[in-house]
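Encoded as structure tokens, the structure appears first; notes follow it.
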Amino acid sequence: MIDIFSSVPNIYKLSSSNAEGLTLLNAFDVALLESGVGNTNLVKMSSILPPNCEYQEEIKLPLGALVPVAYASIVSDKKGQKIAAAVAAAIPKDKTKNGLIMEYENYDISKNEAERIVIEMAKWGMDRRGYEIEKIVSISAEHTVEKCGCAFACVVLWWK
Amino acid sequence: MIDIFSSVPNIYKLSSSNAEGLTLLNAFDVALLESGVGNTNLVKMSSILPPNCEYQEEIKLPLGALVPVAYASIVSDKKGQKIAAAVAAAIPKDKTKNGLIMEYENYDISKNEAERIVIEMAKWGMDRRGYEIEKIVSISAEHTVEKCGCAFACVVLWWK
Amino acid sequence: MIDIFSSVPNIYKLSSSNAEGLTLLNAFDVALLESGVGNTNLVKMSSILPPNCEYQEEIKLPLGALVPVAYASIVSDKKGQKIAAAVAAAIPKDKTKNGLIMEYENYDISKNEAERIVIEMAKWGMDRRGYEIEKIVSISAEHTVEKCGCAFACVVLWWK
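Residue numbers (the numbering used here), protein chains in the order written: chain A, 1 to 160; chain B, 1001 to 1160; chain C, 2001 to 2160.
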């Protein structure tokens, strides 16, 4: 039984989206659907890319599965308000080391600004570890609220 | 190891309660005990009923186990304040599809109001997916704060 | 597959730290590193010590693993502000019963004050259960903010 939680995920994907919904939670739910991670049970975690975790364009997640995810999410019901969310994953040169995922969300910024900030955060965190960076991948979403809106960006971990 | 997180839960139960405690966190802890989900390690997830997940009146959870749960919770230390929490699970007609769990909590509302709202949220989310609903189950709790209070409602997923 | 989530953790450790970072999330990330739980994917849970869970001075966690943890964390970017976080784990006399973990964090208090409060919370929760306490272990951290700071204290559960 020791292997259960110690089974380290080995694939990841990035996705993002923005959405409107009946309520703030409905907007979040629709954003998950639009990101291709809806219809699963997301378990939020703090936020490391395991060593040798392999990028996948798409990952098929079983309906209702428990899915480890790092995400940035922001909701608002203030009509006309701009919201943005972004995540970045920094991949180390040394493949025996882990990468780092960072999340950022804020009001009244663009997705480009959010993505620029979250990339800086990932760079800083890798530098703090003394890890050289091979590359950083990132994704973001922005939204202008109509009634109840959400901007969402995530890194999903999974097993192949 | 691929089966670990991908093992989708196949039973669920609903429960709710209200409680007082020494602090807000103690009140939450007592509410968990009163709901029959205390003495476990709840892992919060966003919030899908897996396909063919089977309703159980009662589920025996091992002490200290990691338990996936969707919940609404609200705490307050404002004497006399009314708080309420509710969850709803919408079950689809098509048994190959997943259901949807929604959570809602607020100040100064009754449990009936909270439950009415959370049912609307679940309906809207299923409609947004284009899923026909077989039925919706829901549960709620309300509390009037004495010193430190909590209202709590949850859907617990587990394996049989 | 029933054994997956029902595999109850059987070892635990306590750790704490304080840190500065580029942003509040970076400060949190550095605090995790300084606590010896960084470079893993922490999954926050509410907060029970399983029966017969064994204390370990140090636990080696695989890089990027999903790690169940109960933690107190507080961040601030208000220069000069004092922040503190503490956790306590109460161990029952009756070894068939579970223990209880409590978390507390606040602004403008010392680590000693935070630790005193969280110990009271753990005592109260065990008393509420009618469990006699064998002992309480606790840990805390405090920080005076320079730019972006974090105080962090945790109980990590794992399997041996």
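We treat Cβ as the ideally placed atom computed from N, Cα and C, and that holds for glycine.
Because the structure is a prediction, the values reported are computed rather than measured.
Between the alpha carbons of residue i and residue j, how many angstroms are there, rounded?
i	j	result
ALA1210(B)	ILE1136(B)	In this structure chain B extends from 1001 to 1160, so residue 1210(B) is not present and cannot be described.
LEU49(A)	LYS1147(B)	43 Å
ASN1112(B)	GLU1142(B)	9 Å
LEU2024(C)	ILE1133(B)	43 Å
ILE2074(C)	ILE2139(C)	15 Å
LEU1022(B)	ALA27(A)	35 Å
ALA89(A)	VAL155(A)	8 Å
GLY99(A)	VAL87(A)	13 Å
MET2126(C)	ASN1041(B)	16 Å
TYR161(A)	VAL2030(C)	Residue coverage of chain A in this structure runs from 1 to 160, which leaves residue 161(A) outside it and unanswerable.
GLU54(A)	ASN10(A)	6 Å
ILE2117(C)	ALA2151(C)	16 Å
SER1016(B)	ALA2084(C)	32 Å
GLY1149(B)	ASP1077(B)	6 Å
ASP108(A)	GLY80(A)	10 Å
ILE2(A)	VAL43(A)	Because the pLDDT of ILE2(A) is 35, which lies under 50, any placement of that residue in the model is unreliable, and the question is left without a value.
ASN1052(B)	LYS1095(B)	6 Å
LYS1082(B)	GLU1020(B)	13 Å
LYS1160(B)	TYR131(A)	44 Å
LYS2060(C)	TYR1071(B)	32 Å
ILE1119(B)	ILE1091(B)	12 Å
THR2144(C)	GLU57(A)	43 Å
ARG1063(B)	SER1007(B)	Correcting the residue identity first, residue 1063(B) is Leu in this sequence and not Arg. Approximately 21 Å, taken between the alpha carbons.
SER2110(C)	ASN1039(B)	30 Å
LYS1097(B)	ARG1129(B)	10 Å
ALA114(A)	ALA65(A)	30 Å
SER35(A)	LEU157(A)	14 Å
ILE4(A)	VAL1037(B)	Its pLDDT being 47, under 50, ILE4(A) is placed unreliably in this model, and the value from its coordinates should be taken loosely. Answer to the nearest angstrom: the Cα atoms are 22 Å apart.
LEU14(A)	TRP2124(C)	44 Å
ALA2153(C)	VAL2069(C)	10 Å
VAL2067(C)	LYS1093(B)	37 Å
LEU32(A)	LEU2032(C)	28 Å
LYS1018(B)	ASN18(A)	Residue identity differs from the one stated: residue 1018(B) is Asn in this sequence, not Lys. Distance between the alpha carbons of ASN1018(B) and ASN18(A): 35 Å.
Would you list the one or two residues that DSSP bridges to residue i?
i	result
PRO2092(C)	ILE2133(C)
CYS1053(B)	The partner list for CYS1053(B) (beta bridge, DSSP) is empty, contrary to what the question assumes.
ILE1139(B)	VAL1087(B)
TRP2158(C)	ILE2011(C)
ASN41(A)	LEU66(A)
SER17(A)	PHE152(A)
VAL145(A)	For VAL145(A), which the question treats as bridged, DSSP gives no partner whatsoever.
SER2035(C)	DSSP lists no partner for SER2035(C).
LYS2082(C)	THR2144(C)
ILE1074(B)	ALA1151(B)
So which residues of chain C does residue i contact, with C-beta pairs closer than 7 Å?
i	result
VAL1030(B)	ARG2128
Can you tell me which of the three DSSP states residue i falls into?
i	result
LYS97(A)	coil
ASP3(A)	Low confidence applies to ASP3(A): its pLDDT is 45, below 50, so where it sits in the model is not reliable, and the reading given next is rough at best. DSSP places ASP3(A) in helix when its eight states are reduced to three.
MET1121(B)	helix
VAL2030(C)	helix
ALA114(A)	helix
MET2102(C)	strand
LEU24(A)	helix
SER2047(C)	coil
GLU1058(B)	coil
Along chain A, in chain order, which residues have C-beta atoms closer than 9 Å to that of residue i?
i	result
ASN2039(C)	ILE48, LYS97, ASN98, LEU100, ARG129
Counting only Cβ pairs nearer than 8 Å, list the residues of chain A close to residue i.
i	result
PRO1051(B)	LEU63, GLY64
LEU2042(C)	MET45, SER46
Can you pull the chain A residues whose beta carbon is under 7 Å from the beta carbon of residue i, in chain order?
i	result
GLY1125(B)	ASN26, ASP29
LEU2014(C)	Here the premise fails: no neighbours, minimum Cβ distance about 18 Å.
I want to verify the contact list: residues of chain C whose CB lies under 9 Å from the CB of residue i, in sequence order.
i	result
GLU103(A)	LEU2025
Compare the C-beta of residue i with all C-beta atoms of chain E and state if any pair is closer than 9 Å.
i	result
GLU120(A)	Of the chains in the structure shown, none is chain E; the protein chains are A, B and C.
Worksheet item: Does the count of Cβ pairs from the stretch 97-115 of chain A and the stretch 45-61 of chain A closer than 8 Å reach three?
Response: yes
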